[in-house]
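K.L.:
Adding 54 to a residue's 1-based position in the sequence shown gives its number in our numbering.
From the three backbone atoms N, C-alpha and C, an ideal C-beta is built for every residue, glycine too.
Keep in mind it's a predicted model, so treat the numbers as computed, not measured.
I'd like to ask some things about the structure below.
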Amino acid sequence: MKLERVELFVVRLPLKNAYETSGARETHMTRVLCRVESEGAVGWGESVAGEVPWYSGETARTVLYALEEFILPELLKTDLASADEVDRRLAWIREHRMAKATVEMAVWDLFAKRANKPLSALLGGTRDRILCGVAIGIQPSIDVLMETIRRELEGGYQRVKLKIKPGLEVEIAEATRKNFPGLAFMLDANSAYTLKDVALFKRIDPTKPTMIEQPLAYDDLIDHAALQRQIATPVCLDESIHTSEDARKAIEIGATRVINIKAGRVGGLASAKRVHDVCASRDIPVWCGGMLEMGIGRA
């Protein structure tokens, strides 16, 4: 199959509510959308790169540049026998994983539509339903946070992820467990801490969160392994994992007990599946996190 037409769109939308993490406070989302077409079928993809590089070195602008200058020219000059061939064709381009994922996932969507099958079926999926959780940003007060959690649970969510930052972590964990004794909740630090904060994490242990996500540096494995040896709460890695090799190394040195797989972060669905397979072969649980995507990215 040859891509007959590819279009890129830059869309900026306001968030209904500001979203605050330890790294930034966001009020808008800028996304690059990719539309691919072949033989009457259309596929869509969405970049997860934000406006500013606080989570990743990639931004909407760098994604647009990489797509226009390197990625699309490579794909437009060749036939694609399968969707996972995109991953192989782009392997020579270092980094730019969010940019690659933008078009790679559009091509997966295109192949699924041409085959008249759900995308999950092409990936080997067997379920048609999953339990969804919700991520809640840092709130103005603990009372507001508790009310926000309550509202989300009433809306049908069965687990929550709570953003934390230095000075709020213990209070958030203790208040959540006190107000919601049976709730499965996790904490997400977005790299806001160092190994000097081990005592804080030990104070969180009694509240029994399901995991604490990326507590230390975004590019670290070694210190996370040291932290995991000292605390009971499972460490989940997000920003540190870009490839299946990253996952293997993290697991082998004990840096993580859970991995958050974001297809947009790791370069697309083919790469995400490789990370999944590495984890599955080593009995490491995985889950799929979000990046405040619009409908295309969430689908």
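Taking the C-alpha atoms as reference points, what is the distance between Trp98 and Lys232?
P.N.:
Locating residue 98 in the sequence shown gives position 44, counting from the first residue. Locating residue 232 in the sequence shown gives position 178, counting from the first residue. Cα to Cα, Trp98 sits roughly 43 Å from Lys232.
K.L.:
Mapping DSSP to helix, strand and coil, what is Cys333?
P.N.:
For this step, residue 333 is matched to residue 279 along the sequence shown. Three-state result, Cys333: helix.
K.L.:
Can you give me the C-alpha to C-alpha distance between Thr202 and Gly343, rounded to a whole angstrom?
P.N.:
Here residue 202 corresponds to residue number 148 of the sequence shown, with the count starting at 1. Here residue 343 corresponds to residue number 289 of the sequence shown, with the count starting at 1. One C-alpha to the other measures close to 19 Å.
K.L.:
If distances are taken between C-alpha atoms only, which option among Gly322, Arg352, Ser335 and Gly349 comes closest to Arg142?
P.N.:
Residue mapping note: residue 142 aligns to position 88 of the sequence shown, counting from 1. It is Gly322 whose Cα lies nearest to the Cα of Arg142.
K.L.:
Given this structure, state the Cα-to-Cα distance separating Val157 from Leu346, to the nearest angstrom.
P.N.:
What you label residue 157 is simply residue 103 of the sequence shown in a count that begins at 1. What you label residue 346 is simply residue 292 of the sequence shown in a count that begins at 1. Taking the straight line from one Cα to the other gives about 18 Å.
K.L.:
Out of Thr132, Pro127 and His150, which has the shortest C-alpha to C-alpha gap to Val117?
P.N.:
Sequence index remark: in the sequence shown, residue 117 carries index 63 (1-based). Among Thr132, Pro127 and His150, the Cα nearest to that of Val117 is on His150.
K.L.:
What did DSSP end up calling Asn244 once you bin it into helix, strand or coil?
P.N.:
Translated into the one-based positions of the sequence shown, residue 244 becomes position 190. Of the three classes helix, strand and coil, the one that applies to Asn244 here is coil, per DSSP.
K.L.:
Please report the Cβ distance between Ser76 and Ala227, rounded to the nearest whole angstrom; I am assuming they are in contact, meaning their Cβ atoms lie under 8 Å.
P.N.:
For this step, residue 76 is matched to residue 22 along the sequence shown. For this step, residue 227 is matched to residue 173 along the sequence shown. Going by Cβ atoms, the distance from Ser76 to Ala227 rounds to 15 Å, so no, they are not a contact pair.
K.L.:
So, helix, strand or coil for Ala189, using DSSP?
P.N.:
Counted from its first residue, the sequence shown places residue 189 at position 135. Strand.
K.L.:
For Gly187, does the count of other Cβ atoms within 10 angstroms reach 16, so buried, or fall short, so exposed?
P.N.:
If you number the sequence shown from 1, residue 187 lands on position 133. It is buried - the Cβ of Gly187 has at least 16 other Cβ atoms within 10 Å.
K.L.:
Can you give the Cα-Cα distance for Asp274 and Gly94, rounded to whole angstroms?
P.N.:
For the purposes of this step, residue 274 is taken as the residue at position 220 of the sequence shown. For the purposes of this step, residue 94 is taken as the residue at position 40 of the sequence shown. Cα to Cα, Asp274 sits roughly 45 Å from Gly94.
K.L.:
How is the alpha helix (DSSP H) around Ile350 delimited, first residue to last?
P.N.:
Residue numbering aside, residue 350 sits at position 296 when the sequence shown is read from its first letter. Its alpha helix (DSSP H) spans residues Gly349 to Arg352.
K.L.:
In three-state terms, what does DSSP make of Ala271?
P.N.:
Stepping through the sequence shown from its first residue, residue 271 is reached at position 217. Three-state result, Ala271: coil.
K.L.:
Beta-carbon within less than 6 Å of Gln212's beta-carbon, same chain only, minus the 5 sequence neighbours each way: which residues are those?
P.N.:
Within the sequence shown, the letter at position 158 stands for residue 212. For Gln212, where only same-chain residues beyond five positions count, the Cβ hits under 6 Å are Leu185.
K.L.:
So which of Ile147, Ala317, Pro263 and Lys250 has the shortest CA-CA distance to Leu270?
P.N.:
The residue you call residue 270 lines up with position 216 of the sequence shown. Taking only the C-alpha atoms, the option nearest Leu270 is Lys250.
K.L.:
Which residues in the same chain as Val252 place their Cβ atom closer than 6 Å to its Cβ, once the five residues preceding and following it in sequence are excluded?
P.N.:
Translated into positions along the sequence shown, residue 252 becomes position 198. Gln284, listed in sequence order.
K.L.:
Can you tell which of Val312, Val60 and Cys333 has its C-alpha closest to the C-alpha of Leu126?
P.N.:
Taking the first residue of the sequence shown as position 1, residue 126 is located at position 72. Ranking the options by Cα distance to Leu126, first place goes to Val60.
K.L.:
Mind checking Met83: buried by the 16 CB within 10 Å criterion, or exposed?
P.N.:
On the sequence shown, position 29 is the one that residue 83 refers to. So Met83 ends up on the buried side.
K.L.:
Let's see if you can read the secondary structure: which residues bound the alpha helix (DSSP H) around Leu67?
P.N.:
Walking along the sequence shown from the start, residue 67 turns up at place 13. Careful: Leu67 lies outside any alpha helix (DSSP H), inside the beta strand (DSSP E) at Arg59 to Glu74.
K.L.:
Just to confirm the assignment, what range does the beta strand (DSSP E) spanning Lys217 have?
P.N.:
On the sequence shown, position 163 is the one that residue 217 refers to. Its beta strand (DSSP E) spans residues Arg213 to Lys217.
K.L.:
Give a yes or no on contact between the stretch 63–72 and the stretch 127–146, applying the rule of three or more CB pairs nearer than 8 Å.
P.N.:
In short, these stretches do not touch, since the Cβ pair count stays below three.
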